[in-house]
Amino acid sequence: DTAVSQTPKYLVTQMGNDKSIKCEQNLGHDTMYWYKQDSKKFLKIMFSYNNKELIINETVPNRFSPKSPDKAHLNLHINSLELGDSAVYFCASSPAAGTGGGEGYTFGSGTRLTVV
Amino acid sequence: GNSVTQMEGPVTLSEEAFLTINCTYTATGYPSLFWYVQYPGEGLQLLLKATKADDKGSNKGFEATYRKETTSFHLEKGSVQVSDSAVYFCALTPNQAGTALIFGKGTTLSVSS
Chain A
9 DTAVSQTPKY
19 LVTQMGNDKS
29 IKCEQNLGHD
39 TMYWYKQDSK
49 KFLKIMFSYN
59 NKELIINETV
69 PNRFSPKSPD
79 KAHLNLHINS
89 LELGDSAVYF
99 CASSPAAGTG
109 GGEGYTFGSG
119 TRLTVV
Chain B
815 GNSVTQMEGP
825 VTLSEEAFLT
835 INCTYTATGY
845 PSLFWYVQYP
855 GEGLQLLLKA
865 TKADDKGSNK
875 GFEATYRKET
885 TSFHLEKGSV
895 QVSDSAVYFC
905 ALTPNQAGTA
915 LIFGKGTTLS
925 VSS
């Protein structure tokens with residue numbers, strides 16, 4: 009059973025399109041995250057939800073909108089895609105927000121987004 | 815603020831060589847420290863962790879000690895294998911509400927036989 013699963017694994021789309029990436033965790037964790045990994049492998053937090061409530065919203069263009077229908081799901085919708093959005097997007101979960109650091113995070117396998 | 819600095823790569827070693835990847839951090843409060851590994855084409859896996867000063871995390875022959883006095887968490891392995899080739903990330907959580915795991919820039923390790 010996959011702990012944190014993301015779909016799709018690969019996404020190739022044209023500039024200007026709107027796309028979504030889905031994430032689900034079956035670990036019973038309260039907190040979920042989206043990270044962006046750029047071409048130099050640098051990982052940066054984008055958003056975090058704790059039990060469906062947005063708790064972290066880093067400086068990200070408002071074309072990116074996260075949605076959490078329940079604490080096991082966190083989706084990422086991107087409007088008007090740009091070339092610079094090409095990256096690998098990772099979903100993660102942890103037992104608790106902020107103070108749950110002792111357990112570490114569990115990551116999905118990533119979604120490689122290519123905008124052409 | 816909170817940040818992680820790790821040595822630039824790539825690091826290229828022969829099989830059975832000794833590995834050190836340096837990591838230092840800046841944090842307010844009492845962070846937890848981690849090493850994650852990313853094998854080619856895969857996601858991130860937790861390699862080891864330490865939650866307080868002087869704790870030693872270890873896994874698969876890798877180890878790192880949480881040194882508060884030098885704000886460091888260097889990763890070491892006595893004898894690397896080809897299968898250890900991957901990108902290694904040092905990371906911390908500030909253990910404060912409203913924060914998230916913060917990563918260093920990653921160090922690529924390449925081991926040849």
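Sequence order for the protein chains is A and B. Here my numbering runs 8 ahead of the position in the first sequence, where the first position is 1. Here my numbering runs 814 ahead of the position in the second sequence, where the first position is 1. No residue lacks a Cβ here, since even glycine has one placed at the ideal position from N, Cα and C.
Exercise for the section: Could you round the C-beta distance between A/Gly-116 and A/Gln-14 to whole angstroms and report it? I think they count as a contact, below 8 Å. Expected result: About 4 Å; that satisfies the 8 Å criterion.
Exercise for the section: Could you please give me the residues that DSSP links to B/Gly-871 through a beta bridge? Expected result: B/Ala-878, per the DSSP bridge assignment.
Problem - Contacting residues, own chain, Cβ-Cβ under 6 Å from B/Ser-817 (five flanking each side not counted) - result: Leaving aside the five residues that flank B/Ser-817 on each side, the residues in its chain whose CB is nearer than 6 Å to its CB run, in chain order, Thr-840.
Exercise for the section: Please check if any C-beta of chain A sits within less than 7 Å of the C-beta of B/Gly-920. Expected result: At least one chain A Cβ lies under 7 Å of B/Gly-920.
Practice task
Decide yes or no for the touch test of the segment 57–68 of chain A against the segment 842–855 of chain B: beta carbon pairs closer than 8 Å, at least 3 of them.
Solution key: Verdict: no, contact absent.
Handout entry: Burial state of A/Gly-112, where buried means 16 or more other Cβ atoms lie within 10 Å
Key = So A/Gly-112 ends up on the buried side.
Problem - Whole-angstrom distance between A/Thr-114 and B/Leu-860, CA atom to CA atom - result: Rounded to whole angstroms, the separation of the alpha carbons of A/Thr-114 and B/Leu-860 is 8 Å.
Handout entry: Cross-chain neighbours of A/Ile-29 in chain B, by beta carbon under 7 Å
Key = Simply none; closest approach about 14 Å.
Practice task
Kindly indicate if chain B contains any beta-carbon less than 7 Å away from that of A/Ser-94.
Solution key: By this cut-off, A/Ser-94 is not an interface position.
Practice task
Can you give me the Cβ contacts of A/Asp-26 inside the same chain, cut-off strictly under 6 Å, excluding the 5 residues immediately before and after it?
Solution key: For A/Asp-26, where only same-chain residues beyond five positions count, the Cβ hits under 6 Å are Asn-87.
Practice task
Select from the segment 62–88 of chain A all residues with a C-beta closer than 9 Å to any C-beta belonging to chain B, and list them in chain order.
Solution key: Near chain B, meaning a CB-to-CB distance below 9 Å, the residues of the segment 62–88 of chain A are Ile-63, Ile-64, Glu-66.
Problem - Distance CB(A/Lys-17)-CB(B/Gly-920) smaller than 7 Å - result: Taking 7 Å as the cut-off, the beta carbon of A/Lys-17 is found no closer than this to the beta carbon of B/Gly-920.
Handout entry: Option in A/Phe-72, A/Leu-91, A/Asp-78, A/Ile-64 with minimal Cα separation from A/Ser-28
Key = When A/Phe-72, A/Leu-91, A/Asp-78, A/Ile-64 are compared, the shortest CA-CA separation from A/Ser-28 is found for A/Phe-72.
Handout entry: A/Ser-28 (DSSP reduced to helix, strand or coil)
Key = Secondary structure at A/Ser-28: strand, using DSSP grouped into helix, strand and coil.
Handout entry: Cross-strand partners of A/Ile-63 (DSSP beta bridge)
Key = According to DSSP, A/Ile-63 bridges with nothing at all.
Handout entry: Distance, B/Ile-916 Cα to B/Thr-907 Cα
Key = Rounded to whole angstroms, B/Thr-907 to B/Ile-916 spans 6 Å at the Cα level.
Handout entry: Residue range of the beta strand (DSSP E) that includes A/Asn-83
Key = It spans 81–86 - the beta strand (DSSP E) in which A/Asn-83 sits, taken as one unbroken run.
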